[in-house]
Amino acid sequence: ASELGRRVGGVEGRTQGDMGTRDAVALDLYLQGRQAWRQRRPATLAQAERLFGEAVERDPDYARAWSGLADTYLLQADYGIRPAHEAIALAEPAAVRAITLDPGLGEAWASVGLLRSQAGQLGPARRSLEEATRLDPRYEMAWMWLAGVHGESGQRETQREVLEQAQQLNPLEPV
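Residues 27 to 201, numbered by the working numbering, are exactly what the sequence shown covers, in order.
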């Protein structure tokens, strides 16, 4: 698959198999964390926080797990589970750690974009989320969060177009 990727022009992004850790348990904890995170209920967000925390304990250099942890804190604020100032204070070091560990990880740039959006920094949020979509055009959450930034900026037509992109990527995403 790697050889084919090198031969085919225009192939970008990472392969599905490139999950950023060699620790199978950390990977499993990350995947379970994302599954819990996507359910977006207080109990499942608490579960996601625990699972991502365990993943980074097992592999402190696992950028995706740090990204998941940052996203979880920020979603807890969105859903009124945690005060926004507390969520931002917890998410910032996790998002920075993710992007520092793997500057080419679209998921990490999306976490930074979400963080900046929740901190009211719409211009930097847009740039971070655009970088996320460039690095990983298949990560629908980056597109969804980018649409939110466009909406907050009053760019409704662009917001609609970006949301359509997110929906095409994952038409079954409940959000």
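Yeah, the Cβ is synthetic: ideal placement off N, Cα and C, and Gly gets one too.
Simplified DSSP assignment, three categories, for residue i
i: Pro-197; result: coil
i: Gly-177; result: helix
i: Glu-187; result: helix
i: Arg-182; result: helix
i: Gly-59; result: helix
i: Arg-48; result: coil
i: Tyr-88; result: coil
i: Gly-94; result: helix
Span separating the alpha-carbon of residue i from that of residue j
i: Arg-40; j: Gln-144; result: Low confidence applies to Arg-40: its pLDDT is 43, below 50, so where it sits in the model is not reliable, and the reading given next is rough at best. For Arg-40 and Gln-144, the distance between alpha carbons rounds to 27 Å.
i: Met-167; j: His-176; result: 14 Å
i: Val-188; j: Leu-161; result: 16 Å
i: Val-205; j: Arg-84; result: The chain is shown from 27 up to 201; residue 205 falls before or after that span and cannot be answered.
i: Thr-159; j: Glu-199; result: 17 Å
i: Ala-81; j: Ala-91; result: 6 Å
i: Val-201; j: Gly-106; result: 17 Å
i: Asn-196; j: Glu-190; result: 10 Å
i: Gly-180; j: Leu-172; result: 13 Å
i: Glu-118; j: Glu-183; result: 30 Å
i: Arg-66; j: Leu-55; result: 17 Å
i: Ala-124; j: Leu-95; result: 10 Å
i: Ser-93; j: Thr-47; result: 13 Å
i: Leu-77; j: Pro-129; result: 23 Å
i: Leu-148; j: Glu-178; result: 8 Å
i: Ala-151; j: Val-122; result: 14 Å
i: Ala-110; j: Val-138; result: 15 Å
i: Gln-193; j: Asp-49; result: 32 Å
heavy atom of the ligand FMN below 7 Å from residue i C-beta
i: Ala-103; result: The ligand FMN is absent from the structure shown, which contains no ligand whatsoever.
Limits of the alpha helix (DSSP H) - the one that residue i falls within
i: Gly-79; result: 68-84
i: Tyr-105; result: Element bounds for Tyr-105: n/a, residue is neither H nor E.
Min CB distance residue i to chain D below 8 Å
i: Glu-133; result: Of the protein chains in this structure there is only one, and it is not chain D.
If you scan the segment 117-174 from start to end, which runs of the beta strand (DSSP E) of 3 or more residues do you find wholly inside it? Counting only runs of 3 or more, we get nothing.
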